[in-house]
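Colleague: Structure incoming, see below.
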Amino acid sequence: LNRLRCEHARGGKWAGIDINAEDVRDTMDACIWEPAVVKANAIIAATEAACLVLSIDQTVKNFRAPDGGQLPDM
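Under this note's numbering, the final residue of the sequence shown carries the number 84; numbering is consecutive throughout.
Written out as structure tokens, the structure is:
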């Protein structure tokens, strides 16, 4: 972890940990982009879930009818 921090301090913004070689590696050269994709997908999914909850909240909200709002017979 210290080697990774040193690499980031030197300006290596694509530096990441290579668990196979047990060393720090340039993840852009190694074509390792999954963490960014996973984070983006998680943010998109969370946003969609929040929008769904808000839309359901608006649907469930029941405003009173002006005449008192009697329930219909079933």
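Backbone N, C-alpha and C define an ideal beta-carbon position, used for all residues, glycine too.
Suppose the cutoff is 7 Å on Cβ atoms and the five residues either side in sequence are ignored; what does the same chain contact list for I27 look like?
Modeller: These residues qualify, in order along the chain: L14 and V34.
Colleague: Where D36 and S65 are concerned, what is the direct C-alpha to C-alpha distance, given to the nearest angstrom?
Modeller: Each residue's Cα considered, the two are about 43 Å apart.
Colleague: For a test of your reading of the model: does the CB of T37 fall under 8 Å from any non-hydrogen atom of the ligand ADP? Yes or no.
Modeller: This structure lacks the ligand ADP, and indeed carries no ligand of any kind.
Colleague: Under the rule that 16 or more other beta-carbon atoms within 10 Å means buried, what is A25, buried or exposed?
Modeller: buried
Colleague: Ignore the nearest five residues each way along the sequence and tell me which others in M38's own chain have a CB closer than 8 Å to its CB.
Modeller: W24
Colleague: With DSSP as the reference, label R20 as helix, strand or coil.
Modeller: Under the three-state reduction of DSSP, R20 is assigned to coil, being neither helix nor strand.
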